[in-house]
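To keep things clear, I will list the structure first and then write my remarks on it.
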Amino acid sequence: MVAKLLPHTKLKAKPNLESRIRTLKNDWEIIYDMLSGKDGSAFGWDEHKQMVVVEDVVRDFIYKSTRKYAQTISDLVEELQAKNDANERIHEEGSNGN
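Residue 41 in full-length UniProt numbering is what sits at position 41 of the sequence shown, and the numbering runs on without skipping anything.
Below you can see the structure in the form of C-alpha coordinates.
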(Lines of atoms letter the chains of each structure in order from A; the text may use other names.)
(Lines give C-alpha, C1' and ligand atoms only; values in the text may rest on other atoms or scores of the structure.)
Protein backbone atom coordinates (compact mmCIF):
# COMPACT_ATOMS: atom_id res chain seq x y z
CA MET A 1 0.00 0.00 0.00
CA VAL A 2 2.79 2.43 0.88
CA ALA A 3 4.54 1.55 -2.37
CA LYS A 4 1.43 2.54 -4.32
CA LEU A 5 1.04 5.86 -2.49
CA LEU A 6 4.75 6.73 -2.43
CA PRO A 7 6.36 4.75 -5.26
CA HIS A 8 9.82 6.34 -5.11
CA THR A 9 10.45 6.01 -1.36
CA LYS A 10 11.02 2.24 -0.99
CA LEU A 11 9.28 2.36 2.39
CA LYS A 12 7.80 -0.81 3.74
CA ALA A 13 4.53 -0.42 5.64
CA LYS A 14 4.95 -3.26 8.12
CA PRO A 15 8.22 -2.20 9.85
CA ASN A 16 7.12 1.43 10.03
CA LEU A 17 3.72 0.55 11.45
CA GLU A 18 5.20 -1.89 13.96
CA SER A 19 7.62 0.77 15.16
CA ARG A 20 4.83 3.31 15.52
CA ILE A 21 2.64 0.84 17.41
CA ARG A 22 5.49 0.08 19.85
CA THR A 23 5.94 3.81 20.46
CA LEU A 24 2.22 4.32 21.04
CA LYS A 25 2.07 1.37 23.46
CA ASN A 26 4.98 2.77 25.48
CA ASP A 27 3.44 6.25 25.57
CA TRP A 28 0.02 4.85 26.47
CA GLU A 29 1.50 2.84 29.35
CA ILE A 30 3.09 5.96 30.84
CA ILE A 31 -0.11 7.99 30.54
CA TYR A 32 -2.28 5.15 31.88
CA ASP A 33 -0.05 4.70 34.94
CA MET A 34 -0.04 8.44 35.54
CA LEU A 35 -3.84 8.79 35.36
CA SER A 36 -4.71 5.55 37.17
CA GLY A 37 -2.88 6.67 40.29
CA LYS A 38 -0.22 3.98 40.13
CA ASP A 39 2.66 4.79 42.50
CA GLY A 40 0.56 7.46 44.26
CA SER A 41 0.29 9.72 41.24
CA ALA A 42 -1.37 13.08 41.92
CA PHE A 43 -2.67 13.25 38.35
CA GLY A 44 -6.24 12.40 37.45
CA TRP A 45 -8.92 12.75 34.80
CA ASP A 46 -11.81 15.21 35.05
CA GLU A 47 -14.78 13.59 33.27
CA HIS A 48 -16.75 16.84 33.09
CA LYS A 49 -13.95 18.96 31.60
CA GLN A 50 -12.44 16.02 29.68
CA MET A 51 -8.90 16.93 30.71
CA VAL A 52 -6.00 15.88 32.91
CA VAL A 53 -6.01 17.45 36.37
CA VAL A 54 -3.32 17.64 39.02
CA GLU A 55 -3.09 18.91 42.59
CA ASP A 56 -1.91 22.53 42.88
CA VAL A 57 1.11 21.58 44.99
CA VAL A 58 2.31 19.11 42.37
CA ARG A 59 1.68 21.54 39.50
CA ASP A 60 3.66 24.28 41.28
CA PHE A 61 6.51 21.87 42.01
CA ILE A 62 6.69 20.74 38.38
CA TYR A 63 6.59 24.34 37.18
CA LYS A 64 9.37 25.42 39.54
CA SER A 65 11.55 22.40 38.81
CA THR A 66 11.26 22.72 35.03
CA ARG A 67 11.06 26.51 34.74
CA LYS A 68 14.65 26.98 33.58
CA TYR A 69 14.01 24.54 30.75
CA ALA A 70 10.79 26.28 29.73
CA GLN A 71 12.16 29.82 29.49
CA THR A 72 11.07 32.17 26.78
CA ILE A 73 13.47 34.26 24.72
CA SER A 74 12.63 37.34 26.79
CA ASP A 75 13.47 35.41 29.99
CA LEU A 76 16.86 34.47 28.55
CA VAL A 77 17.61 38.01 27.38
CA GLU A 78 16.66 39.38 30.80
CA GLU A 79 18.90 36.82 32.52
CA LEU A 80 21.85 37.63 30.23
CA GLN A 81 21.33 41.37 30.76
CA ALA A 82 21.35 40.90 34.54
CA LYS A 83 24.61 38.93 34.35
CA ASN A 84 26.12 41.56 32.07
CA ASP A 85 25.11 44.37 34.45
CA ALA A 86 26.61 42.49 37.40
CA ASN A 87 29.89 41.97 35.52
CA GLU A 88 30.04 45.67 34.61
CA ARG A 89 29.52 46.69 38.25
CA ILE A 90 32.31 44.34 39.37
CA HIS A 91 34.61 45.75 36.68
CA GLU A 92 33.79 49.36 37.65
CA GLU A 93 34.33 48.65 41.35
CA GLY A 94 37.67 47.04 40.59
CA SER A 95 38.89 49.96 38.46
CA ASN A 96 37.75 52.57 41.01
CA GLY A 97 39.66 50.87 43.82
CA ASN A 98 43.04 51.04 42.03
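Think of the CB as a built atom: it goes at the ideal place given N, C-alpha and C, for glycine as much as any other residue.
Everything numeric in this text was worked out from a predicted model, so none of it was measured.
| Item | Value |
| --- | --- |
| Per DSSP, cross-strand counterpart(s) of Trp45 | Val52 |
| Pairwise C-alpha distance: Ala82 and His91 | 14 Å |
| Inter-residue Cα distance where the pair is residue 101 and Lys64 | The question about residue 101 has no answer, for the chain in this structure spans 1 to 98. |
| Helix, strand or coil at His8 [DSSP, three-state] | coil |
| Straight-line Cα distance separating Leu17 from Ser36 | 28 Å |
| Ala42 beta carbon less than 8 Å from that of Glu55 | yes |
| Whole-angstrom distance between Trp45 and Arg89, CA atom to CA atom | 51 Å |
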